[in-house]
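Novice:
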Amino acid sequence: MPDMLLKPSLPGVMLRRWRLLHQVKQSHAAELFSVTQSTISRWESGVLDLDSLAHEKLEKLLAARLTTAADQALGRMVRESSRPVHLICDLTHRLLACSSSRAAQFATPVSELLGSSLWRFATPTIISMEADLDRLGWREAFAPPALEFLTGDNHSSIVPISQSLCRWTRIPLSDGATTRLVESL
Numbered sequence: 001m002p003d004m005l006l007k008p009s010l011p012g013v014m015l016r017r018w019r020l021l022h023q024v025k026q027s028h029a030a031e032l033f034s035v036t037q038s039t040i041s042r043w044e045s046g047v048l049d050l051d052s053l054a055h056e057k058l059e060k061l062l063a064a065r066l067t068t069a070a071d072q073a074l075g076r077m078v079r080e081s082s083r084p085v086h087l088i089c090d091l092t093h094r095l096l097a098c099s100s101s102r103a104a105q106f107a108t109p110v111s112e113l114l115g116s117s118l119w120r121f122a123t124p125t126i127i128s129m130e131a132d133l134d135r136l137g138w139r140e141a142f143a144p145p146a147l148e149f150l151t152g153d154n155h156s157s158i159v160p161i162s163q164s165l166c167r168w169t170r171i172p173l174s175d176g177a178t179t180r181l182v183e184s185l
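Quick note: the sequence shown uses full-length UniProt numbering, first residue 1, plus one each step.
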């Protein structure tokens, strides 16, 4: 999967959600993206696709960060869990938090993986599940609370994934960005 993870049809919808959540007018968004207000409108309506620079800027705006006290508490709960779990940005797959039992499965220290995308370690089954998320309504207001599936193997020595039952739970953060709790069941 390329570095830009948003599908061509999704950025305009995500931009509009971000604007509404943060009470940003189209004119101000146009200033942020160095475009006209009508370009923002065309992006949001799907008439025009974002160029690669705008796409990257949008992904940075939407990327999950554990900045508020409530979000940091979520990260702490994941780190202190006795179960093999980790928390990633739902959009970029950057590792935000990891339990010690999950970290024990990695050949690389968690400190080196935090803030990095784990996408490069995805199995073909995980890639397939990711491709189905829009069809399953994952990013909709009434998204399924969690999805469970068999992961398949990735044969990685750095972040190994063995065939297991996995649960993804989508958790919104205080700023509207979303995370994904990844559990091995």
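Virtual Cβ for every residue (Gly too), placed ideally from N, Cα, C.
(1) Determine the DSSP secondary structure at Met4, reduced to helix, strand or coil.
(2) Hey, Ala97 and His86 are a contact pair by Cβ (cut 8 Å); roughly how many whole angstroms apart?
(3) Please list, in chain order, all residues of the same chain as Leu50 whose beta carbon is under 7 Å from its beta carbon, the five residues on each side excluded.
(4) Under three-state DSSP, which class holds Thr179?
(5) Using DSSP with H/G/I as helix, E/B as strand and the rest coil, what is Pro172?
(6) Drop a sphere of 10 angstroms on the beta-carbon of Leu15, count the other beta-carbons inside from all chains shown, and report buried for 16 or more, exposed for fewer.
(7) Mapping DSSP to helix, strand and coil, what is Ser9?
(8) Looking only at its chain, what residues have a beta carbon closer than 6 Å to the beta carbon of Pro8, apart from the 5 residues adjacent to it on each side?
(9) What number of angstroms, rounded off, separates the C-alpha of Pro172 from the C-alpha of Val13?
(10) Check the C-beta distance from Ser184 over to Ala70 and give it rounded, since I have them as a contact under 8 Å.
(11) Going by C-alpha to C-alpha distance, which of Trp119, Ser99, Ala122 sits closest to Ser111?
(12) Whole angstroms are fine: how far does the CA of Lys60 sit from the CA of Asp134?
(13) If you draw a straight line from the C-alpha of Trp138 to the C-alpha of Asp153, how long is it?
(14) Between the C-alpha atoms of Glu80 and Ser34, what's the straight-line distance to the nearest angstrom?
Specialist: With the given structure in hand:
(1) With a pLDDT of 41 at Met4, under the threshold of 50, the modelled position of this residue cannot be trusted; read the value that follows with caution. Three-state result, Met4: coil.
(2) 7 Å
(3) Pro11, Trp43, Leu58
(4) strand
(5) Pro172: strand per DSSP, three-state reduction.
(6) buried
(7) Since pLDDT at Ser9 reaches only 49, below the 50 mark, its modelled position is unreliable, and the value read off the structure follows with that caveat. If DSSP states are grouped into helix, strand and coil, Ser9 belongs with coil.
(8) Any reading at Pro8 must be qualified, since the residue scores a pLDDT of 42, below 50, and its modelled position is unreliable; no value is offered.
(9) 17 Å
(10) No, Ser184 and Ala70 are not in contact; Cβ-Cβ is about 25 Å, not under 8 Å.
(11) Checked all of Trp119, Ser99, Ala122; the closest Cα to Ser111 is Ser99.
(12) 20 Å
(13) 24 Å
(14) Rounded to the nearest whole angstrom, the C-alpha separation of Glu80 and Ser34 is 43 Å.
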